[in-house]
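Residues in the sequence shown are numbered from 114 upward in steps of one, following my numbering.
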Amino acid sequence: MKKVFYINGGAGRVLCSIPAFLKRKKIHGDDFYIISESGIDFFIGIPELIDLAFTPHHKGIWESIIKPNEIVTVEPYREHGYYNQKKTLTEAFDKIINNTEDHSDLPPSRIVLSQEEEMNAVDALMNVKEYHKKDKTVVIQPFGRSSQLHKKSGHTFDPSARSLGTDDYFYISERIRKKYNCIVMSEHKFENDENMYIDSPLRTWSAVIEAADYFVGVDSVGQHIARIFDKPGSVILGSTFAENITYSEHFNIVEKKNSQKRYSPIRIDGIDGELINRINDSCMQFSRKELDDVANNIMRHIKQKIGA
């Protein structure tokens with residue numbers, strides 16, 4: 114009997130699960146399957162995993178894969194080390210998938226791009242250089258998955274406090290545009306946004322991030338992609354914790370000073386999660402002085418990593 118690992122959530126979670134699956138494949142061979150509700154495209158091009166990965170909508174999956182085997186719901190947010198800030202998301206996946214506390218042998222995550230995807234990214238960078246007339250390019254992802262657009266006001270809000278506000282995004286990106294080309298990675302499009310907007314699937318975005326010089330983001334999929342391609346970057350954190358969701362040894366981590374945030378028990382919570390979200394609500398709300406500090410921090414790091 115094989116294990117059938119069932120994953121849900123966003124593409125960032127899928128990217129963080131790949132190291133644990135590669136490790137299991139190396140140790141145990143083909144003793145498992147993967148069913149992923151989203152992000153299945155990221156298994157494309159990984160020869161060790163592509164034949165083991167399916168979506169829940171794959172015809173015949175119930176009789177051929179699920180029913181004869183043991184299904185395991187993979188939920189890293191319910192792993193003790195994760196919700197106590199002792200494990201990263203990748204390590205929590207490893208604990209569940211490989212039943213181990215030793216994460217020293219985890220391989221890096223991986224995205225394998227096609228030539229077409231890479232050429233599309235070349236086109237995007239050529240276009241933004243014509244648009245902004247600068248030598249180097251920054252990709253900015255200001256909003257996370259839970260960000261919502263309030264249609265009447267034209268402003269965004271994020272109940273989980275993981276995304277920038279619309280005006281704060283405009284302010285930071287305006288500072289970036291003074292010296293660099295700027296491409297925005299976002300599901301929200303604004304008529305008055307001077308950054309270059311690309312409406313593309315995540316694999317194309319992966320190629321764009323790989324081709325760019327620097328990445329600015331929040332707790333969302335873009336920062337995982339940037340880390341895979343070893344891109345320098347700054348990650349602005351609100352209610353979530355660097356110990357869990359990002360790469361402090363690689364990125365410049367930017368947080369609101371003196372923030373009294375608490376861990377929100379996502380995918381576990383009842384009323385406690387709602388109460389903590391209220392406490393964390395201002396984690397990504399900045400005064401003008403705080404916003405200047407954030408922008409100055411990011412601009413210094415960009416200059417340090419890729420030059421003026």
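Beta carbons: idealized from backbone N, C-alpha and C, even for Gly.
When the beta-carbon positions are compared, Met309 and Tyr244 come within less than 7 Å of each other. Annotated as distal: Asn294 and Lys344, with beta-carbon spacing of 7 Å or more. Taken through DSSP and simplified to helix, strand or coil, Lys374 comes out as coil. When secondary structure is reduced to three states using DSSP, Tyr196 falls in the helix class.
Membership of Tyr284 in the alpha helix (DSSP H) is indicated by the continuous run Thr279 to Arg290. Within the segment 152 to 218, the runs of alpha helix (DSSP H) at least 4 residues long that lie entirely inside it are, in chain order, 193 to 196 and 202 to 211. One thing to note: Ala274 has its Cβ within 7 Å of the Cβ of Gly351. Between the alpha carbons of Ala325 and Ile184 lies a distance of about 40 Å. Across the set Asp394, Asp405, Gly123 and Leu404, the C-alpha of Asp394 shows the shortest separation from the C-alpha of Phe270. Counting other Cβ atoms within 10 Å of its Cβ, Ser177 stays below 16 and is therefore classed as exposed.
Taking the Cα positions, Glu188 is about 8 Å away from Phe206.
For Thr250, the enclosing beta strand (DSSP E) starts and ends at Thr250 to Ile253. For Val367, the enclosing beta strand (DSSP E) stretches over residues Asn365 to Glu368. Collapsing the DSSP output to three states places Cys396 in coil. By the C-beta density criterion, Gln254 is buried, having at least 16 other C-beta atoms within 10 angstroms. Shown here for Arg137: same chain residues with a beta carbon closer than 7 Å to its own, the five before and five after excluded, namely Phe145, Ile210 and Asn211 in chain order. A direct Cα-Cα distance of roughly 20 Å separates His363 from Ile289. Annotation: Pro160 to Arg223 spans about 11 Å, alpha carbon to alpha carbon. In the same chain as Leu238, and ignoring 5 residues on each side of it, the C-beta atoms closer than 6 Å to its own belong to Thr250 and Ala324, in chain order.
Under the three-state reduction of DSSP, Phe145 is assigned to strand.
When DSSP states are grouped into helix, strand and coil, Ile389 belongs to the helix group.
The DSSP-derived three-state label of Tyr310 is strand. Out of Asn390, Gly383, Thr359 and Glu387, the CA that lies nearest to the CA of Leu202 is found in Thr359. Counting of Cβ neighbours within 10 angstroms places Ser227 among the exposed residues, the total staying below 16.
In the three-state scheme derived from DSSP, where H, G and I count as helix and E and B as strand, Phe134 is classed as helix. Residue pairing by DSSP puts Asn294 in a beta bridge opposite Thr250.
An exposed status is given to Val235, since fewer than 16 other beta-carbon atoms sit within 10 Å of its beta-carbon. In the DSSP annotation of this structure, the continuous segment of the alpha helix (DSSP H) that includes Leu315 starts and ends at Leu315 to Ala324.
The three-state secondary structure of Val235, taken from DSSP, is helix. Sorting Arg340, Lys115 and Pro169 by C-alpha distance to the C-alpha of Asp143 places Lys115 at the top. When DSSP states are grouped into helix, strand and coil, Ile379 belongs to the coil group.
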